[in-house]
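Asks: Supplied in structure tokens, the structure appears directly below.
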Amino acid sequence: MDYYSVRMRAAAGGAHEAGGQHISGGERLVGAEELEATVQKLLRRALTHELGQPDFVNLTVEKVASADVTQLPALPVTQREVQSVCEGHAAAVEELLQAGVALSAAQKAVALLVQGPAPHGGVMRGAIVMDADTGARLESDPARGVRVTQLDWEPRALAGWKQRMSRLGTAHERVAEALALATKVTAAADTVAELCWSDDPGYVGGYVAAKSIGYVRIPQLKEPGSPLGGRVFFVRGIRNVQEYEAALQAPVLIVEQTEQRGEQA
Ligand code: AMP
381 MDYYSVRMRA AAGGAHEAGG QHISGGERLV GAEELEATVQ KLLRRALTHE
431 LGQPDFVNLT VEKVASADVT QLPALPVTQR EVQSVCEGHA AAVEELLQAG
481 VALSAAQKAV ALLVQGPAPH GGVMRGAIVM DADTGARLES DPARGVRVTQ
531 LDWEPRALAG WKQRMSRLGT AHERVAEALA LATKVTAAAD TVAELCWSDD
581 PGYVGGYVAA KSIGYVRIPQ LKEPGSPLGG RVFFVRGIRN VQEYEAALQA
631 PVLIVEQTEQ RGEQA
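To get our numbering, take the position in the sequence shown, counting from 1, and add 380.
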């Protein structure tokens, strides 16, 4: 069976490449029977984002041969309990250190997402690529960053994951989507860890992820109403960002982890 990669990006004030402000994006990898519904869902997402109304939406559909698709087991999910944004940031730095990121790089990443990581303080379309030891930003275009594409849950695996997580209280669509992305990013050879919180003003949670620590959800990483957020991929030993990004764009389907010990909501 073939798959279809469906990609969406929306901007206000013109296209991204013409300097428009990024509003929302989405990346899916679905079978033919899900294609139309997926295009519709992504278009609706573009038109109803809390950051505002886009005047540019780009939707791309590409066929992907099933032989080219790699399967990856989802990272296990745990959650840190925090009482404030400040505690959330401290927990994120702690988890990043645990995953092998230098303290100065971890602190710099948090500060960048707080201030808005794009050149004029807004949100980026993709992720910052940061040297895990020096904290240097490596992405060539700091407005775009790098984009992870061609990824999705295998539908039965997603249904199973949601059922398991709803028993634990964390079956969010948003967490499922972020978990798929984090699983793919942290599986890449040169990734040390990832830090993320949403730019959606209504969603204040985020996570730190790494192969060694799994997906650690942190429920408060910004104040409600803030339109700022982003992603930082910490790397060690990459030859160049283009090759690293190419690895993040190879087709991947997420399947269920068979061993779930230690997972909690
Ligand atoms: P979201 O969790 O969808 O609110 O996204 C938060 C931030 O993560 C966005 O502002 C982007 O900077 C970044 N981002 C979203 N999707 C991707 C992706 N597919 N690849 C890389 N970065 C992304």
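Where is the CB? At the ideal position from N, CA and C, for every residue including glycine. Predicted model, so just to flag it, every value in this text is computed and none were measured.
1. Should Lys-443 be labelled buried (16 or more other beta-carbon atoms within 10 Å of its own) or exposed?
2. Secondary structure at Glu-474, three-state DSSP: helix, strand or coil?
3. Counting Cβ pairs, one atom from each stretch, are 3 or more of them under 8 Å apart for the stretch 594 to 603 and the stretch 457 to 466?
4. Taking one C-beta from the stretch 523 to 537 and one from the stretch 499 to 506 each time, how about it: are there three or more such pairs within less than 8 Å?
5. Any chance the CB of Glu-407 is under 8 Å from a heavy atom of ligand 1?
6. Identify the continuous beta strand (DSSP E) that holds Ser-385 and give its terminal residues.
7. From this set, Gly-405, Glu-413, Ala-412, which residue's C-alpha is nearest Thr-428's C-alpha?
8. Return the chain-ordered list of same chain residues with a C-beta closer than 7 Å to the C-beta of Ala-537, the five sequence neighbours on each side being excluded.
9. Which value, in whole angstroms, describes the spacing of the CA atoms of Ala-645 and Gln-487?
10. Run the proximity test for Arg-424: is its beta-carbon closer than 8 Å to any non-hydrogen atom belonging to ligand 1?
11. Is any heavy atom in ligand 1 found nearer than 8 Å to the beta carbon of Arg-505?
12. So for Val-555, helix, strand or coil by DSSP?
13. Assign Arg-425 to one of three DSSP states: helix, strand, or coil.
14. Mapping DSSP to helix, strand and coil, what is Tyr-583?
15. Opposite Val-490 in the DSSP bridges: which residues?
16. Which whole-angstrom value describes the C-beta separation of Leu-608 and Ala-568, a residue pair presumed to lie in contact below a C-beta threshold of 8 Å?
17. For Thr-514, name the three-state secondary structure that DSSP assigns.
18. Would you give the residue range spanned by the beta strand (DSSP E) that Glu-625 belongs to?
19. Measuring straight from C-alpha to C-alpha, what distance separates Glu-623 and Gly-610?
20. Tell me whether Pro-522, by its Cβ, gets closer than 8 Å to a heavy atom of ligand 1.
21. Any heavy atom of ligand 1 closer than 8 Å to the CB of Trp-541?
22. Are there any heavy atoms of ligand 1 lying less than 8 Å away from the beta-carbon of Leu-452, as far as the coordinates show?
Replies: Reading off the structure:
1. By 1-based counting over the sequence shown, the position of residue 443 is 63. Under the 10 Å beta carbon count, Lys-443 is surrounded by fewer than 16 other beta carbons and is classified as exposed.
2. Numbered from its first residue, the sequence shown carries residue 474 at position 94. Helix.
3. yes
4. yes
5. Taking the first residue of the sequence shown as 1, we reach residue 407 at position 27. Checking the Cβ of Glu-407 against ligand 1 gives yes.
6. For the purposes of this step, residue 385 is taken as the residue at position 5 of the sequence shown. Note, Ser-385: beta strand (DSSP E), 383 to 392.
7. Against the sequence shown, residue 428 aligns to sequence position 48. Of the listed residues, the one whose Cα sits closest to Thr-428 is Gly-405.
8. Your numbering for residue 537 matches position 157 in the sequence shown. Take Ala-537, set aside five residues on each side of it, and the residues of its chain with a beta-carbon closer than 7 Å to its own are Ile-634, Val-635, Glu-636, in chain order.
9. Numbered from its first residue, the sequence shown carries residue 645 at position 265. Numbered from its first residue, the sequence shown carries residue 487 at position 107. Any reading at Ala-645 needs caution, since the residue's pLDDT is 43, under 50, leaving its predicted position unreliable; the model's value is listed next. Spanning the two alpha carbons is a distance of roughly 26 Å.
10. Walking along the sequence shown from the start, residue 424 turns up at place 44. No, since every heavy atom of ligand 1 falls outside the 8 Å radius drawn around the Cβ of Arg-424.
11. Numbered from its first residue, the sequence shown carries residue 505 at position 125. Arg-505 Cβ: within cutoff of ligand 1.
12. Along the sequence shown, read from residue 1 onward, the residue named residue 555 stands at position 175. Looking at Val-555 - three-state DSSP - the assignment turns out to be helix.
13. Position 45 of the sequence shown, counted from the start, is the residue given in the question as residue 425. Correct three-state label for Arg-425: helix.
14. Numbered from its first residue, the sequence shown carries residue 583 at position 203. Correct three-state label for Tyr-583: coil.
15. To locate residue 490, count along the sequence shown from 1; it is residue 110. Partner(s): none; Val-490 has no beta bridge.
16. For the purposes of this step, residue 608 is taken as residue 228 along the sequence shown, with counting starting at 1. For the purposes of this step, residue 568 is taken as residue 188 along the sequence shown, with counting starting at 1. At roughly 26 Å, the Cβ-Cβ gap does not stay under 8 Å, so Leu-608 and Ala-568 are not in contact.
17. Residue numbering aside, residue 514 sits at position 134 when the sequence shown is read from its first letter. Thr-514: coil per DSSP, three-state reduction.
18. Indexing the sequence shown from 1 puts residue 625 at position 245. Not the beta strand (DSSP E): Glu-625 falls in the alpha helix (DSSP H), residues 621 to 627.
19. Start at 1 with the first residue of the sequence shown, and residue 623 comes out as number 243. Start at 1 with the first residue of the sequence shown, and residue 610 comes out as number 230. Near 21 Å, if we compare the C-alpha coordinates of Gly-610 and Glu-623.
20. Position 142 of the sequence shown, counting from 1, holds the residue named residue 522. For ligand 1, not one heavy atom lies less than 8 Å from the Cβ of Pro-522.
21. If you number the sequence shown from 1, residue 541 lands on position 161. Not under cutoff, so the answer is no.
22. Within the sequence shown, the letter at position 72 stands for residue 452. Flag unset: Cβ of Leu-452 not near ligand 1.
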